[in-house]
Amino acid sequence: MKGLFRGLGVTLKAMASPKVTTSYPDVPFEMPDRFRGIQHFIPELCIVCNQCARICPTDCITLTGKPNPDPEKRGKVIDTFDINFEICILCDLCTEVCPTEAIVMTNHFELSAFSRDDLFKDAQWLTDNNTLVRKDNNNIGAPAKGGAK
Amino acid sequence: MSEEEKKAQQESGPADAEKDEKQKAAETTPIAEAGQTAAQQSVEAADPEKAAKLKAAAEARAARAAAKAAAETAEAAEASAPPPPSPKQPELDAVTALIRREVADEALEDAYINELNGHMPTLIVKNEYWRSIAELLKIENDFTYLRNVSGVDYETHLEVVYHLVSLRSGRELAVKIKADREKPEVSSATPVWATANWNEREIYDLLGIVFPGHPDLRRIMMPDDWAGHPLRKDYEPLDSEV
Amino acid sequence: MIRTEELLLNVGPQHPSTHGVFRIVVKLDGEVITEATPVMGYLHRGTEKLAEQLNYTQIIPYTDRMDYVSAMTNNYVLVHAVETMMGLEVPERAEFLRLIVMELQRVASHLVWWGTYLLDIGAMSPFLYAFRDRETIINLFNELCGARLTYNYMRVGGVKWDAPPGWIDKVSEFIPYMEGKLREYDKLVSGNEIFLARIKGIGKYDAETAIDYGLSGANLRCTGVDWDLRKAEPYSLYSRFEFDVPLGQNGDCYDRYRIRLEEIRQSLRILKQAIVQFPSSGETMGKVPRAIRPPAGEVYTRIESPRGEIGCHIVSKGKAEPYRLKFRRPSFVNLQILPKLLIGETMTNLITILGGVDIVVGEVDC
Numbered sequence: 007m008k009g010l011f012r013g014l015g016v017t018l019k020a021m022a023s024p025k026v027t028t029s030y031p032d033v034p035f036e037m038p039d040r041f042r043g044i045q046h047f048i049p050e051l052c053i054v055c056n057q058c059a060r061i062c063p064t065d066c067i068t069l070t071g072k073p074n075p076d077p078e079k080r081g082k083v084i085d086t087f088d089i090n091f092e093i094c095i096l097c098d099l100c101t102e103v104c105p106t107e108a109i110v111m112t113n114h115f116e117l118s119a120f121s122r123d124d125l126f127k128d129a130q131w132l133t134d135n136n137t138l139v140r141k142d143n144n145n146i147g148a149p150a151k152g153g154a155k
Numbered sequence: 594m595s596e597e598e599k600k601a602q603q604e605s606g607p608a609d610a611e612k613d614e615k616q617k618a619a620e621t622t623p624i625a626e627a628g629q630t631a632a633q634q635s636v637e638a639a640d641p642e643k644a645a646k647l648k649a650a651a652e653a654r655a656a657r658a659a660a661k662a663a664a665e666t667a668e669a670a671e672a673s674a675p676p677p678p679s680p681k682q683p684e685l686d687a688v689t690a691l692i693r694r695e696v697a698d699e700a701l702e703d704a705y706i707n708e709l710n711g712h713m714p715t716l717i718v719k720n721e722y723w724r725s726i727a728e729l730l731k732i733e734n735d736f737t738y739l740r741n742v743s744g745v746d747y748e749t750h751l752e753v754v755y756h757l758v759s760l761r762s763g764r765e766l767a768v769k770i771k772a773d774r775e776k777p778e779v780s781s782a783t784p785v786w787a788t789a790n791w792n793e794r795e796i797y798d799l800l801g802i803v804f805p806g807h808p809d810l811r812r813i814m815m816p817d818d819w820a821g822h823p824l825r826k827d828y829e830p831l832d833s834e835v
Numbered sequence: 206m207i208r209t210e211e212l213l214l215n216v217g218p219q220h221p222s223t224h225g226v227f228r229i230v231v232k233l234d235g236e237v238i239t240e241a242t243p244v245m246g247y248l249h250r251g252t253e254k255l256a257e258q259l260n261y262t263q264i265i266p267y268t269d270r271m272d273y274v275s276a277m278t279n280n281y282v283l284v285h286a287v288e289t290m291m292g293l294e295v296p297e298r299a300e301f302l303r304l305i306v307m308e309l310q311r312v313a314s315h316l317v318w319w320g321t322y323l324l325d326i327g328a329m330s331p332f333l334y335a336f337r338d339r340e341t342i343i344n345l346f347n348e349l350c351g352a353r354l355t356y357n358y359m360r361v362g363g364v365k366w367d368a369p370p371g372w373i374d375k376v377s378e379f380i381p382y383m384e385g386k387l388r389e390y391d392k393l394v395s396g397n398e399i400f401l402a403r404i405k406g407i408g409k410y411d412a413e414t415a416i417d418y419g420l421s422g423a424n425l426r427c428t429g430v431d432w433d434l435r436k437a438e439p440y441s442l443y444s445r446f447e448f449d450v451p452l453g454q455n456g457d458c459y460d461r462y463r464i465r466l467e468e469i470r471q472s473l474r475i476l477k478q479a480i481v482q483f484p485s486s487g488e489t490m491g492k493v494p495r496a497i498r499p500p501a502g503e504v505y506t507r508i509e510s511p512r513g514e515i516g517c518h519i520v521s522k523g524k525a526e527p528y529r530l531k532f533r534r535p536s537f538v539n540l541q542i543l544p545k546l547l548i549g550e551t552m553t554n555l556i557t558i559l560g561g562v563d564i565v566v567g568e569v570d571c
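Protein chains in written order, with my numbering: chain A, 7 to 155; chain B, 594 to 835; chain C, 206 to 571.
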């Protein structure tokens, strides 16, 4: 019987200690800066190098480019950029290899939708998703910003 | 055009470089922008300024390749001296001598040291003798702990690898048995080490190797009525969406 | 005429206590089990087949999801195998970060085991306490690498992120907090007479059976066999630290319980020493070639995960993708002893024994 009473003492003491639960979703959950949430896309910086689509382990990025409309400049600009969030595992490899940091992660994680079609996000939605953008990217592909190792 | 060939080589070379993008961007921006198709490449190369730049880049590449080739021949001359004997060689010799003595002389097909893997002694044995060799290793040589059984599908044949370890002395051993593709059979090691039970069932399920002597050989991961062996290199799923 | 018949009962695949989608078909005679057959494969995702088309960095997120409760050790086993094949040197700071993270992961995984085991047996409070403390660890990992469960943290040649400023201090604050909590858990559970009556003497086996069945981790050490890969075949920097390996004597569920709690204490001890020896500066990534192409050959490396010996067998043909990648999963191998242990037990003891083996079905099926 003694063991039971000692255990009871522990639980009674825990009743008096402060609460550890949070009341999400009434109170938003603050994620640290490095959190890997839904991506944010900046079309002006993208050079259509295709590294993100190549490194994606689940092949969820599809992108097409078109030649730069400005005849002075070389290179391509991005035409369509889709991420299929049914299979994106938010692993962060695409932001790691992007040489211009055109795709970065935010701290959002709420993606629930009522229909599977809503999970196929296009370039416009990803560009508009620009709040809570992650600052510390540790980007290996863009050494000019001091990320190369 | 040799320039085109060299460009194509460079593109398809390290196809999955995720580091060092800077090198690619810095020195080969014309190539990156030349796009993925040969048609676009020829169009851009028609521009005389660009052609001159590409030529310079090709020459630099050729110079680097020549330097690399020179270094390689120097290395090859060094490497032709025989490597020092491995520290685990006496263990391997003891095991091979034991097998030759107790089981049969031709039971062993090959015995070597796997340097990459921390010099693990590796044996390749013939299937007819595997069961007696297994009992010998467990009883005489104290390899009581079977760590891992893996099946590998080389396209010409199938192979089963058993990794053994002796808990008391820390010695390790890897044993490989080959099986041919048409009718793959490897004597089961389950009567010797019970660990092999489910491992062999998994290999049967995914690769199709039959283990005569196994008490209960049936599919373990896939549903019981699945057709085919998924881990084989030539596996075509009946339903491609699955 | 009343007669009794044998009953065929399905425990699972949807069951709160089978630790995942896992099914056991039991033949019952009254309440005593006469035969038990585990059926698995409900969570088979084909990781090994997928890995043949992905390069090594792309496989790392897949390894996270095998043993999802202890993802850092899974990351490490793959990365360690590739580094062994290529002969790469990992910088010291990166190796320290890896070790700290792996030991924290061991504590977190044992907390999950403890909470869910006691929940299965019937005690509701330890579950919440365990998860409260695990939240602290998960938040530490969140600050470090941006994810709470599937970290994708290690890379071939080092780690992805360096510790943010103040992170190491938070880890060193966590250690005395957790030690205090362990004493509290002992007071809460380990003296409880009901608990002891349910656990002592259940699921016994001896050392010979354990070695024959290839058990590893606490399942092997509860019989008295001193085999911990961190001491027997040291990898990473474990040879620099002093820690004990708890051993049991009887080979029953109570010994496994005690060993795992003691392992948490020993992990905290390693963490204390690691934080003292942590280099104040250094690279987090070694010299890795542009494309990761291990030389042709094969390698089998193994580490001690919280569940036992996890191993990675890679056959490479010199390309960027592995030719064959096989994981030796501890839960898969440890589970083989279950049919043998369950004969003659009652249904309630089935749950106790299954919990004591500590499986994660993501690992059983791979």
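Where a beta carbon is used, it is the ideal one built from N, C-alpha and C, also for glycine.
| Item | Value |
| --- | --- |
| Alpha-carbon to alpha-carbon, C350 (chain C) and F115 (chain A) | 15 Å |
| Neighbourhood of R465 (chain C) by C-beta distance below 6 Å, restricted to the same chain and skipping five residues each side | H315 and A423 |
| Cutoff 8 Å: W366 (chain C) Cβ touching any chain A Cβ | yes |
| Short Cβ contact (8 Å threshold) for K405 (chain C) with D325 (chain C) | no |
| Test: Y267 (chain C) CB closer than 8 Å to a CB of chain A | yes |
| The segment 239 to 255 of chain C: positions lying closer than 8 Å to chain B by Cβ | M245, G246, H249, G251, E253 and K254 |
| Residue range of the unbroken beta strand (DSSP E) whose run includes H518 (chain C) | G513 to S521 |
| Residue from C:C571, C:R470, C:P439 and C:I480 whose Cα sits closest to the Cα of I508 (chain C) | C:P439 |
| Entirely enclosed beta strand (DSSP E) segments - the segment 290 to 328 of chain C, minimum 3 residues | none |
| Candidates B:S725, B:L729 and B:E721: closest to V779 (chain B) by CA position | B:E721 |
| Straight-line gap, D374 (chain C) to Q258 (chain C) (C-alpha atoms, nearest Å) | 41 Å |
| Inter-residue Cα distance where the pair is L824 (chain B) and K492 (chain C) | 34 Å |
| Chain C contact for C104 (chain A) (CB, 8 Å cutoff) | no |
| Closer than 8 Å to chain B by CB, D272 (chain C) | no |
| T630 (chain B) in three-state terms, based on DSSP | With a pLDDT of 46 at T630 (chain B), under the threshold of 50, the modelled position of that residue is not reliable, and no figure is offered here. |
| Contacts of K531 (chain C) in chain B (Cβ-Cβ under 7 Å) | S743 |
| Three-pair Cβ contact test at 8 Å for the segment 479 to 498 of chain C versus the segment 304 to 315 of chain C | yes |
| Spatial neighbours of L547 (chain C) in its chain, beta-carbon cut-off 7 Å, leaving aside the 5 residues before and after | I238, A241, L555 and I558 |
| Distance between beta carbons of T64 (chain A) and I95 (chain A), contact taken as under 8 Å | 6 Å |
| Buried/exposed call for A576 (chain C), threshold 16 Cβ in 10 Å | Lying before the first or after the last residue shown, residue 576 (chain C) is absent from chain C, which here runs from 206 to 571. |
| Per-residue burial, F35 (chain A) [other beta carbons within 10 Å of its own, 16 or more giving buried] | exposed |
| Within-8 Å CB hit, Y797 (chain B) to chain F | Chain labels in this structure do not include chain F; the protein chains are A, B and C. |
| Alpha-carbon spacing of I726 (chain B) relative to R498 (chain C), whole angstroms | 36 Å |
| Among C:R534, C:S485 and C:M291, nearest to P369 (chain C) - alpha-carbon criterion | C:S485 |
| Status (buried if at least 16 other CB within 10 Å, exposed otherwise) for Q634 (chain B) | The predicted model places Q634 (chain B) with a pLDDT of 48, which falls under 50 and marks its position as unreliable; any figure quoted below should be read in that light. With 16 or more Cβ atoms within 10 Å of its Cβ, Q634 (chain B) is classed as buried. |
| Counted within 10 angstroms of its Cβ, other Cβ atoms place N136 (chain A) as buried (16 or more) or exposed | exposed |
| Cross-strand partners of A241 (chain C) (DSSP beta bridge) | C:V231 |
| Spatially closest choice to D686 (chain B) from B:A697, B:P714 and B:R811, by CA coordinates | B:P714 |
| Q454 (chain C) versus W432 (chain C): straight-line alpha-carbon distance, rounded | 14 Å |
| R533 (chain C) vs I515 (chain C) beta-carbon contact at 8 Å | yes |
| Selection from B:P808, B:L739, B:P784 and B:H750 that minimises the alpha carbon distance to P535 (chain C) | B:L739 |
| For A415 (chain C) and L401 (chain C), believed in contact at Cβ under 8 Å, the rounded distance | Not quite, the Cβ-Cβ distance comes to about 23 Å (not below 8 Å), so this is no contact. |
| Coarse secondary structure for I67 (chain A), derived from DSSP in three states | strand |
| Per DSSP, the bridge partner or partners of R360 (chain C) | C:G363 |
| Exposure label - S510 (chain C); buried when at least 16 CB within 10 Å | buried |
| Cutoff 8 Å: I61 (chain A) Cβ touching any chain C Cβ | yes |
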